[in-house]
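Novice: Sending over a structure as structure tokens; questions will come in a sec.
There are 2 protein chains.
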Amino acid sequence: MNKLILVTNDDSIHAKGIKELVAVAKLFGQVVVVAPEKPQSGMGHAITISNPLRIQKYDGFNDVEAYECSGTPVDCVKIAIFEILKRKPDILLSGINHGENSSTNVLYSGTMSAAIEGAMESIPSIGFSLADFDADANFEATKNIAHQIIDKVIQNGLPENTCLNVNVPKLSMKDIKGIKVCAQAHAYWDDKFDSRLDQFGRPYYWLTGDFSDMDQRENTDLFALKNNFATVVPTHFDLTNYNAIENLKYLEK
Amino acid sequence: MNKLILVTNDDSIHAKGIKELVAVAKLFGQVVVVAPEKPQSGMGHAITISNPLRIQKYDGFNDVEAYECSGTPVDCVKIAIFEILKRKPDILLSGINHGENSSTNVLYSGTMSAAIEGAMESIPSIGFSLADFDADANFEATKNIAHQIIDKVIQNGLPENTCLNVNVPKLSMKDIKGIKVCAQAHAYWDDKFDSRLDQFGRPYYWLTGDFSDMDQRENTDLFALKNNFATVVPTHFDLTNYNAIENLKYLEK
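The listed protein sequences derive, respectively, from chains A and B.
Residues in the first sequence are numbered consecutively from 1, following the working numbering.
Residues in the second sequence are numbered consecutively from 1, following the working numbering.
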């Protein structure tokens, strides 16, 4: 059972979270890391079309083969498969992200976009995120949960065209009540811009905002996280709202 | 019925496609354009977190208020709502994209990510794309179809949390058989990298590839486009694969 495991992230190859994920991944097979050379948070499913990509060997993982890439997380997945490994890995792991990627944040998340790209390539793929932005966050509980989930996914596979979005609350393992398989909550950012003047008197705008959970359902990832569960959302890339097709047939007239 | 209409795109404020869309939008109300200063194709749902944004008045639309923004298409939507308009527009139009955004391309598309961001803000939002990458493409048929669809959407609204992904084949209006409301096809890019050496002998990698349609269904956008229909896919931002939740409950044990 010597699996080929691709590890990537969006916080960059220098982040603590990816080192912690590699430590877990090594228990399951041969690990290759291909991760962004610079932080790529919020890059969503961006790819680099108008510029070439660069890759460089990276020796920060001791005995693990690793490459830093100039592109986005999705670029890392593509170049890993088609240029570095020259094959699909048996499993793709993304993270551990410094910060939560629950609810609609999945759309902005480079961590999860890498996992979604894996699913598009029919690779069992899992994104892991810890609800702690600290660069030196404690990943022990997330590693424990990641170990459990990777083990089960290797044994059972994943449903077709579906990856997993795993989020872990900022708690020690003994305070985490368990793992819940959930729906993506419908929450949103109440955006604001911090607008200031630069040294030349020209305005600039910096995105900020507060997060609002409007979802009343009790089967969501946000609900479970608030109740001290780690969460797993089966995430796919078919964005069709099938229920709406019939209602919109009037557009055909 | 003087609607406030926000127009954006991903090919940049200088593209022909957005000028053509503004010409249609003006027939329905007061238009404000907020679009990227540079091309942002393939940016997906990326947002700018680690840098500030700049906006600048742009006078290329004659009597239409317009701003170019240093950020991504999703940044344009956010800064338009929260900093420029200081309110939500009544409708958001994105495009007309130079090139198709059918099937899974919706995930990479800046055009569609702007529309999805609009849907997240509960704004009736539509992304338009023409299957022609030419900078001087002929947008006449797309404008005709956009007019029909915008008219109906203003009258009827859109289902909750759902925007429209409209794609138009590269045909004259008389050869387009009609409009079909469809599902997003499951197709994928068979990626390749064009690998060369630069002037210093260092390798660089440029993303390329062929598009493969594996979907056997006849209700998809790709199927309809191949049969000379314009397509509308109701697109939402809930990526949960609900059918998989029950199957994955074993992860809770």
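Just so it is clear, CB atoms sit at the ideal spot from N, CA and C, and this is done for glycine as well.
In chain B, which residues lie less than 7 Å from V233/A when you measure between Cβ atoms?
Specialist: Taking the first residue of the first sequence as position 1, residue 233/A is located at position 233. Within 7 Å Cβ-Cβ: T240.
Novice: Using alpha carbons as the reference points, say which of I154/A, A187/A and L85/A lies closest to C163/A.
Specialist: As a working mapping, residue 163/A is identified with position 163 in the first sequence. Out of I154/A, A187/A and L85/A, I154/A has the C-alpha closest to the C-alpha of C163/A.
Novice: Where do the ends of the alpha helix (DSSP H) carrying E117/A lie?
Specialist: As a position in the first sequence, residue 117/A is number 117, starting the count at 1. Residues G110 to M120.
Novice: Return yes when the Cβ of V33/B is within less than 7 Å of the Cβ of A66/B, no when it is not.
Specialist: For this step, residue 66/B is matched to residue 66 along the second sequence. For this step, residue 33/B is matched to residue 33 along the second sequence. Yes, they are a contact pair.
Novice: With the cut-off set at 7 Å, would you say Y204/A and R196/B are in Cβ contact?
Specialist: Position 204 of the first sequence, counting from 1, holds the residue named residue 204/A. Position 196 of the second sequence, counting from 1, holds the residue named residue 196/B. No; because the gap between Cβ atoms is not below 7 Å, this pair is not in contact.
Novice: Roughly how many angstroms lie between the CA atoms of D140/A and K226/A, to the nearest whole one?
Specialist: On the first sequence, residue 140/A is found 140 positions in, with the first residue counted as 1. On the first sequence, residue 226/A is found 226 positions in, with the first residue counted as 1. A quick correction: the sequence has Glu, not Asp, at residue 140/A. The alpha-carbon atoms of E140/A and K226/A are separated by roughly 19 Å.
Novice: With distance defined between alpha-carbon atoms, name the residue in T142/A, A185/A and C69/A nearest to A25/A.
Specialist: Within the first sequence, residue 25/A is the residue found at index 25, counting from 1. Comparing Cα-Cα distances from A25/A to each of T142/A, A185/A and C69/A, the minimum goes to T142/A.
Novice: Please state whether DSSP places N167/A in a helix, a strand or coil.
Specialist: Stepping through the first sequence from its first residue, residue 167/A is reached at position 167. DSSP places N167/A in strand when its eight states are reduced to three.
Novice: Under three-state DSSP, which class holds P124/A?
Specialist: Within the first sequence, residue 124/A is the residue found at index 124, counting from 1. DSSP places P124/A in coil when its eight states are reduced to three.
Novice: Could you pull out every unbroken alpha helix (DSSP H) segment of at least 4 residues lying fully inside the segment 6–88 of chain A, listed in chain order?
Specialist: Within the segment 6–88 of chain A, the complete alpha helix (DSSP H) runs of at least 4 residues are 16–25 and 73–79.
Novice: Cβ of G99/A within 7 Å of Cβ of A115/A?
Specialist: Translated into the one-based positions of the first sequence, residue 99/A becomes position 99. Translated into the one-based positions of the first sequence, residue 115/A becomes position 115. Their beta carbons are not under 7 Å apart, which means G99/A does not touch A115/A by this criterion.
Novice: Mind listing the chain A neighbours of V168/B? Cutoff is C-beta to C-beta under 7 Å, in chain order.
Specialist: Position 168 of the second sequence, counted from the first residue, corresponds to residue 168/B. Here the premise fails: no neighbours, minimum Cβ distance about 13 Å.
Novice: Can the beta-carbon of D136/B be found less than 7 Å from the beta-carbon of A185/B?
Specialist: Walking along the second sequence from the start, residue 136/B turns up at place 136. Walking along the second sequence from the start, residue 185/B turns up at place 185. No, the Cβ-Cβ distance between D136/B and A185/B is not below 7 Å.
Novice: CB-CB under 6 Å to I13/A, same chain, minus the five flanking residues each way: which ones, in chain order?
Specialist: What you label residue 13/A is simply residue 13 of the first sequence in a count that begins at 1. Correct list, in chain order: A35, Y58 and E68.
Novice: Do three or more CB pairs link the segment 34–52 of chain A to the segment 166–176 of chain A at distances below 8 Å?
Specialist: The segment 34–52 of chain A, when compared against the segment 166–176 of chain A, does not touch it at the 8 Å Cβ threshold.
Novice: Suppose only complete runs of 3+ residues qualify. What are the beta strand (DSSP E) ranges in the segment 128–214 of chain B, listed by chain order?
Specialist: Counting only runs of 3 or more, we get 162–168, 179–181, 187–197 and 203–213.
Novice: Which whole-angstrom value is the C-beta distance of N9/B and Q30/B, which I expect to be below 8 Å?
Specialist: Indexing the second sequence from 1 puts residue 9/B at position 9. Indexing the second sequence from 1 puts residue 30/B at position 30. Their Cβ separation, rounded to whole angstroms, is 18 Å, which puts N9/B and Q30/B out of contact at 8 Å.
Novice: Quick one: does S159/A have its CB under 7 Å from some CB of chain B?
Specialist: In the first sequence, residue 159/A corresponds to position 159, counting from 1. Reading the sequence as shown, one finds Pro at residue 159/A and not Ser. P159/A counts as touching chain B.
Novice: For I91/A, which beta-bridge partners are listed by DSSP?
Specialist: Here residue 91/A refers to the residue found at position 91 when the first sequence is read from its first residue. Beta-bridge pairing links I91/A to I5/A.
Novice: Listed in chain order, which residues of the segment 166–193 of chain A have Cβ atoms closer than 8 Å to some Cβ of chain B?
Specialist: Cβ contacts with chain B come from G178, I179, K180, V181, C182, A183, Q184, H186, Y188, D191, K192 and F193.
Novice: Can you tell me whether Y250/A is buried or exposed? The criterion is at least 16 other CB atoms within 10 Å of its CB, across all chains shown.
Specialist: For the purposes of this step, residue 250/A is taken as the residue at position 250 of the first sequence. Burial call: exposed.
Novice: So, G95/A versus L21/A, is the Cβ gap smaller than 7 Å?
Specialist: Here the question's residue 95/A lines up with position 95 in the first sequence. Here the question's residue 21/A lines up with position 21 in the first sequence. Yes, Cβ-Cβ distance for G95/A and L21/A is below 7 Å.
Novice: Select from S129/A, I245/A, A15/A and L248/A the residue whose C-alpha is nearest the C-alpha of V166/A.
Specialist: As a working mapping, residue 166/A is identified with position 166 in the first sequence. Considering only alpha carbons, the answer is S129/A.
Novice: Let me check understanding here. Comparing Cα to Cα, which of A187/A, G157/A and N97/A lies closest to P73/A?
Specialist: On the first sequence, position 73 is the one that residue 73/A refers to. Taking only the C-alpha atoms, the option nearest P73/A is N97/A.
Novice: The alpha helix (DSSP H) with N101/A in it runs from where to where?
Specialist: Taking the first sequence and counting its residues from 1, one reaches residue 101/A at position 101. Element bounds for N101/A: n/a, residue is neither H nor E.
Novice: Less than 7 Å between the C-beta atoms of P124/A and L6/A, yes or no?
Specialist: Here residue 124/A refers to the residue found at position 124 when the first sequence is read from its first residue. Here residue 6/A refers to the residue found at position 6 when the first sequence is read from its first residue. Not in contact: P124/A and L6/A (Cβ atoms no closer than 7 Å).
Novice: Are the C-beta atoms of H236/A and some chain B residue less than 7 Å apart?
Specialist: Position 236 of the first sequence, counted from the first residue, corresponds to residue 236/A. For H236/A, the answer is yes, since a Cβ of chain B falls inside 7 Å of its Cβ.
Novice: If you measure beta-carbon to beta-carbon, which residues of the segment 42–64 of chain A are closer than 9 Å to chain B?
Specialist: Per Cβ criterion, the list reads G42, M43, G44, H45, A46, I47, T48, I49, S50, N51, P52, L53, R54 and I55.
Novice: Can you pull the chain B neighbours of T162/A, defined as C-beta to C-beta under 7 Å?
Specialist: Taking the first sequence and counting its residues from 1, one reaches residue 162/A at position 162. Within 7 Å Cβ-Cβ: N241 and A244.
Novice: Who pairs with A230/B in a beta bridge, going by DSSP?
Specialist: The count along the second sequence starts at 1 and reaches residue 230/B at position 230. A230/B is bridged to I179/B.
Novice: To the nearest angstrom, how far is the alpha carbon of I145/A from that of G60/A?
Specialist: Reading the first sequence from its first residue, position 145 is the one you call residue 145/A. Reading the first sequence from its first residue, position 60 is the one you call residue 60/A. Those two C-alpha atoms are separated by around 24 Å.
Novice: Can you tell me the Cβ-Cβ gap for V232/A and I149/A, rounded? I've got them flagged as a contact below 8 Å.
Specialist: Mapped onto the first sequence, residue 232/A falls at position 232. Mapped onto the first sequence, residue 149/A falls at position 149. Contact flag correct, Cβ pair sits at about 7 Å.
Novice: Just to confirm my understanding: we take E121/B, look at its own chain, exclude 5 residues before and 5 after, and list those with CB closer than 7 Å. What are they?
Specialist: Position 121 of the second sequence holds residue 121/B. Once the five neighbours on either side are set aside, the close Cβ partners of E121/B are I81 and K88.
Novice: In whole angstroms, what separates the C-alpha of I315/B from that of F223/B?
Specialist: The structure shown has nothing for residue 315/B, since chain B only spans 1 to 253.
Novice: Is E83/A close to chain B? Criterion is C-beta to C-beta, closer than 7 Å.
Specialist: Residue numbering aside, residue 83/A sits at position 83 when the first sequence is read from its first letter. At least one chain B Cβ lies under 7 Å of E83/A.
Novice: Exposed or buried, which one is L92/B when buried takes at least 16 other CB atoms within 10 Å?
Specialist: Locating residue 92/B in the second sequence gives position 92, where the first residue counts as 1. The residue in question, L92/B, is buried, as its Cβ has 16 or more Cβ neighbours within 10 Å.
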